[in-house]
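For reference, the structure discussed in these notes is given below.
In the numbering used here, the protein residues as written are 39 to 225.
Right under this line is the structure:
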């Protein structure tokens with residue numbers, strides 16, 4: 039029997055960068071969508087702002103990965119999302135997180151606010167339904183290096199661990215940090 043579906047390929051501009059995406063939609067047994075996407079030089083702040091109501095990250099995004107959705111009816115598609123993208127963000131700012139201050143203060147109550155400028159932030163983002171997993175995160179910011187994993191739940195709550203190394207004038211400080219709070223108020 040003939041295949042029931044549509045295959046599309048799109049190339050265009052997105053927030054000062056380039057986007058290339060392919061998708062295949064099939065409705066033989068429910069609705070299935072799968073595809074690949076890659077970006078180069080996309081300004082990430084407007085994209086993050088759409089998801090969190092306040093821009094918490096800026097920089098130029100390069101990413102590559104694939105996605106899939108499958109459901110019996112369209113209203114169930116968002117919950118079925120499965121996607122994985124390797125990403126790299128160059129010359130940006132991570133707002134509401136001051137990693138250097140968190141290392142310096144070693145607060146037992148947690149620190150809030152501030153920002154971390156970075157030359158590179160990279161890792162893998164996995165989208166599972168309405169939940170997000172950030173894996174193998176690496177932040178390079180002058181004398182500060184960090185790596186770890188962070189989860190963002192559907193209700194925007196954060197959880198994870200980041201290991202931060204900061205070079206001082208005479209020594210190297212290594213501190214494990216726990217990430218908590220929400221996207222709007224990270225701790």
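Beta carbons are placed, not taken as given, at the ideal position from N, Cα and C, and that holds for glycine.
None of the values given here were measured: they were computed from a predicted structure.
May I have the straight-line CA-CA distance separating residue 66 from residue 54, to the nearest angstrom? On the chain shown, position 28 is the one that residue 66 refers to. On the chain shown, position 16 is the one that residue 54 refers to. In a straight line, the C-alpha of residue 66 is about 37 Å away from that of residue 54.
Taking the C-alpha atoms as reference points, what is the distance between residue 52 and residue 99? Residue numbering aside, residue 52 sits at position 14 when the chain shown is read from its first letter. Residue numbering aside, residue 99 sits at position 61 when the chain shown is read from its first letter. Cα-Cα distance, rounded: 11 Å.
Along the chain, which unbroken stretches of the beta strand (DSSP E) at least 3 residues long are found entirely within the stretch 162 to 201? 169 to 179, 182 to 190
Using C-beta distances below 6 Å, list every residue in its chain close to residue 74, excluding the 5 sequence neighbours before and after it, in chain order. Taking the first residue of the chain shown as 1, we reach residue 74 at position 36. Closer than 6 Å at Cβ, skipping near neighbours: 60, 104.
Under 7 Å between C-beta atoms of residue 167 and residue 221: As a working mapping, residue 167 is identified with position 129 in the chain shown. As a working mapping, residue 221 is identified with position 183 in the chain shown. No, Cβ-Cβ distance for residue 167 and residue 221 is not below 7 Å.
By a C-beta neighbour count over all protein chains shown, 10 Å radius and 16 as the cutoff for buried, is residue 204 buried or exposed? Here residue 204 refers to the residue found at position 166 when the chain shown is read from its first residue. It counts as buried.
Residue 174 versus 186, 181, 84, residue with shortest Cα-Cα distance: Taking the chain shown and counting its residues from 1, one reaches residue 174 at position 136. Checked all of 186, 181, 84; the closest Cα to residue 174 is 186.
Reference residue 128, options 77, 108, 117, closest by Cα: Translated into positions along the chain shown, residue 128 becomes position 90. For residue 128, the nearest C-alpha among the options comes from 77.
Tell me the DSSP secondary structure of residue 87 in three-state form. Locating residue 87 in the chain shown gives position 49, counting from the first residue. Three-state result, residue 87: helix.
Quick one: what does DSSP say residue 117 is sitting in, helix, strand or coil? To locate residue 117, count along the chain shown from 1; it is residue 79. It is helical.
Would DSSP call residue 218 helix, strand or coil? Taking the first residue of the chain shown as 1, we reach residue 218 at position 180. Correct three-state label for residue 218: coil.
Specify the secondary structure class of residue 139 as computed by DSSP and reduced to three states. Locating residue 139 in the chain shown gives position 101, where the first residue counts as 1. Here residue 139 sits in helix by DSSP.
Residue range of the unbroken beta strand (DSSP E) whose run includes residue 102: Translated into positions along the chain shown, residue 102 becomes position 64. Per DSSP, residue 102 belongs to the beta strand (DSSP E) from 95 to 109.
Please name the residue, chosen from 180, 177, 217, 184, that lies closest to residue 195 on a Cα-to-Cα basis. As a first step, residue 195 must be located in the chain shown, where it is residue number 157. Comparing Cα positions, the closest option is 217.
I'd like to know whether the C-beta atoms of residue 45 and residue 62 end up nearer to each other than 7 Å. Walking along the chain shown from the start, residue 45 turns up at place 7. Walking along the chain shown from the start, residue 62 turns up at place 24. Closer than 7 Å, so yes.
Apart from the five residues just before and just after residue 96, which ones in its own chain have a Cβ nearer than 7 Å to its Cβ? Numbered from its first residue, the chain shown carries residue 96 at position 58. Once the five neighbours on either side are set aside, the close Cβ partners of residue 96 are 82, 83, 130, 131.
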